[in-house]
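Engineer:
Residue numbers (this note's numbering): 2 to 371.
#1: Could you name the residues of the same chain whose beta carbon sits closer than 6 Å to that of residue 206, not counting the 5 residues immediately before and after it, in chain order?
#2: Measuring straight from C-alpha to C-alpha, what distance separates residue 13 and residue 146?
#3: Identify, in the order they occur along the chain, each residue of the same chain with its Cβ nearer than 6 Å to the Cβ of residue 157, setting aside the five sequence neighbours on each side.
#4: Suppose the cutoff is 7 Å on Cβ atoms and the five residues either side in sequence are ignored; what does the same chain contact list for residue 177 look like?
#5: Do residue 148 and residue 315 come within 8 Å of each other at the CB atom, strictly closer than that value?
#6: Taking its Cβ as the centre, do 16 or more other Cβ atoms sit within 10 Å of residue 286, making it buried, or is it exposed?
#7: For residue 266, list the residues DSSP reports as bridge partners.
#8: I'd like the span of the alpha helix (DSSP H) that includes residue 217, first residue to last.
#9: Residue 213 bridges to which residues according to DSSP?
#10: Could you check which residue in 323, 275, 257, 337 has the C-alpha nearest to that of residue 33?
#11: Which of the three DSSP states is assigned to residue 123 in this structure?
#12: Need the endpoints of the alpha helix (DSSP H) that residue 90 sits in, please.
#13: Does residue 187 pass the burial test, meaning 16 or more other C-beta atoms within 10 Å, or should it be called exposed?
#14: Just to confirm the assignment: which complete beta strand (DSSP E) runs, minimum length 3, are found wholly within the stretch 307–335?
#15: Might you give, ordered along the chain, the residues of its own chain that have their beta carbon closer than 8 Å to the beta carbon of residue 166, omitting 5 neighbours on each side?
#16: Quick check: is any heavy atom of the ligand NAP less than 7 Å from the C-beta of residue 144?
#17: With DSSP collapsed to three states, give me the class of residue 177.
#18: Keeping to the same chain, check which residues put their C-beta closer than 6 Å to that of residue 255; ignore five residues upstream and five downstream.
#19: Check whether the Cβ atoms of residue 83 and residue 357 sit closer than 8 Å, and answer yes or no.
#20: Please determine if the stretch 123–137 and the stretch 216–230 are in contact, where contact requires at least 3 C-beta pairs separated by less than 8 Å.
#21: Could you tell me how far apart the beta carbons of residue 29 and residue 198 are, in whole angstroms, since I believe they sit closer than 8 Å?
#22: Hey, how far is the Cα of residue 3 from the Cα of residue 11?
#23: What is the DSSP secondary structure of residue 187, reduced to helix, strand or coil?
#24: Classify residue 367 as buried or exposed, calling it buried when 16 or more other Cβ atoms lie within 10 Å of its own Cβ.
#25: Residue 295 by DSSP, collapsed to three states: which one?
#26: Measure the C-alpha to C-alpha separation of residue 144 and residue 155 and round it to an integer number of angstroms.
#27: Check residue 201 in the structure and name its three-state DSSP category.
#28: Decide if residue 361 is buried, meaning its Cβ has at least 16 other Cβ atoms within 10 Å, or exposed.
Right, here's the structure in full:
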């Protein structure tokens, strides 16, 4: 592929802002307050800020990983270069499974919300078939089309759903924030751990990194995207603390969705229907980019065309829909995916960076001696 052809598939560095934000803000935004406040109480907003700082550090590590591996295009190339053919294959195959699992978890969780709030009598496979058909059409359009979906997945919900979340401030109890730092460091870190699960998805940066024009210049946009994510979560958390008390929020499954129902519109009786319908623009980009990332890994792993592997991934996702229909099963699925993603982002990526940096230093010492 010549350079002129390559340019057609690349995106501008500033679009990484929308890619990072759209992958970090997902289905977990509807319920994260309950998990974080269970650990950190009314100091949960501190845990949100702490998690945001950790996310910035992890993004910096990802870019440093590529800075120390200039010959590697993406994480697949890094695995093959530093771990060899067979061990690298195992790690890359694990990535393929993880990205597919991430897409499946987001899809199933959103379908569960649609069934509970809107269409309780319809089967999950019907919604899944529609979503996966749209995903197939989008992913086959290429990475630039996926990026466009992520762009609108940030802009439209920001202008429609996000302003509704501030209406509950009319009933706010500002004393709910006091006393500040009333919880121990351990409790705040436990809240940060629960909050970190909401940031899963930013690690796909290491797959689409070679599709960014002058990728090193996109670092600041990635950091701004993560900062904007933290601002969104912090705003929602503060509104939730001011509106709910600590005991009340533990009995609400989707606190954000309940907050967005408060604005009264004379000609709309069920505001949640509008919100859930618009929220598809938040969920759909994550599914698309996760499927694209999984198929991209498969392309480099098995040396086949990416467009040929997309239907295979979607077929497995559809079959999984037939098995995971109960609420308890979906909750377990969320726990599995969250745990795997947490270990991958928090532990594996820093460990990989340390390993690559050490391997390069050892290589330089060996070359200097020879």
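Ideal placement from N, C-alpha and C gives every residue a C-beta, glycine not left out. These numbers were taken from a predicted model, which means no experiment stands behind them.
Structural biologist: Reading it off the structure:
#1: Position 205 of the chain shown holds residue 206. Hits under 6 Å: 63.
#2: The sequence position of residue 13 within the chain shown is 12, counting from 1. The sequence position of residue 146 within the chain shown is 145, counting from 1. Going by the C-alpha atoms only, they are around 13 Å apart.
#3: On the chain shown, position 156 is the one that residue 157 refers to. Excluding its 5 nearest sequence neighbours in each direction, residue 157 has C-beta neighbours in its own chain below 6 Å: 282, listed in chain order.
#4: Your numbering for residue 177 matches position 176 in the chain shown. Within the same chain, residue 177 has close Cβ partners 43, 242, 243, 246.
#5: Translated into the one-based positions of the chain shown, residue 315 becomes position 314. Translated into the one-based positions of the chain shown, residue 148 becomes position 147. No, Cβ-Cβ distance for residue 315 and residue 148 is not below 8 Å.
#6: Here residue 286 is taken as the residue at index 285 of the chain shown, counted from 1. So residue 286 ends up on the buried side.
#7: Sequence index remark: in the chain shown, residue 266 carries index 265 (1-based). Answer by DSSP bridge pairing, in chain order: 269.
#8: If you number the chain shown from 1, residue 217 lands on position 216. Residue 217 -> no alpha helix (DSSP H), and no H or E assigned at all.
#9: To locate residue 213, count along the chain shown from 1; it is residue 212. As computed with DSSP, residue 213 is found in a beta bridge with 12.
#10: As a first step, residue 33 must be located in the chain shown, where it is residue number 32. When each option's Cα is compared against that of residue 33, the closest is 257.
#11: Your numbering for residue 123 matches position 122 in the chain shown. Here DSSP, grouped into helix, strand and coil, assigns residue 123 to coil.
#12: Locating residue 90 in the chain shown gives position 89, where the first residue counts as 1. Residues 76–118.
#13: Your numbering for residue 187 matches position 186 in the chain shown. With fewer than 16 Cβ atoms within 10 Å of its Cβ, residue 187 is classed as exposed.
#14: Uninterrupted beta strand (DSSP E) stretches at least 3 residues long and entirely within the stretch 307–335 do not occur.
#15: Residue numbering aside, residue 166 sits at position 165 when the chain shown is read from its first letter. The answer, listed in chain order, is 236, 237, 240, 257, 260, 261.
#16: Looking at this structure, you won't find the ligand NAP or any other ligand, since it has none at all.
#17: Locating residue 177 in the chain shown gives position 176, where the first residue counts as 1. DSSP places residue 177 in helix when its eight states are reduced to three.
#18: For this step, residue 255 is matched to residue 254 along the chain shown. Closer than 6 Å at Cβ, skipping near neighbours: 31, 32.
#19: Taking the first residue of the chain shown as 1, we reach residue 83 at position 82. Taking the first residue of the chain shown as 1, we reach residue 357 at position 356. The Cβ atoms of residue 83 and residue 357 sit closer than 8 Å to each other.
#20: Segments in contact, no.
#21: Position 28 of the chain shown, counting from 1, holds the residue named residue 29. Position 197 of the chain shown, counting from 1, holds the residue named residue 198. Contact flag correct, Cβ pair sits at about 7 Å.
#22: Here residue 3 corresponds to residue number 2 of the chain shown, with the count starting at 1. Here residue 11 corresponds to residue number 10 of the chain shown, with the count starting at 1. A caution first: residue 3 carries a pLDDT of 41, below 50, which makes its placement in the model unreliable, though a value can still be read off. Each residue's Cα considered, the two are about 13 Å apart.
#23: Stepping through the chain shown from its first residue, residue 187 is reached at position 186. Helix, per DSSP.
#24: Walking along the chain shown from the start, residue 367 turns up at place 366. Within a 10 Å sphere around the beta-carbon of residue 367 sit fewer than 16 other beta-carbons, which makes this residue exposed.
#25: If you number the chain shown from 1, residue 295 lands on position 294. Three-state DSSP puts residue 295 in a helix.
#26: Along the chain shown, read from residue 1 onward, the residue named residue 144 stands at position 143. Along the chain shown, read from residue 1 onward, the residue named residue 155 stands at position 154. Each residue's Cα considered, the two are about 17 Å apart.
#27: The residue labelled residue 201 in the question sits at position 200 within the chain shown. Here residue 201 carries a coil assignment [DSSP, helix/strand/coil].
#28: The sequence position of residue 361 within the chain shown is 360, counting from 1. The residue is exposed, with fewer than 16 neighbouring Cβ atoms inside 10 Å.
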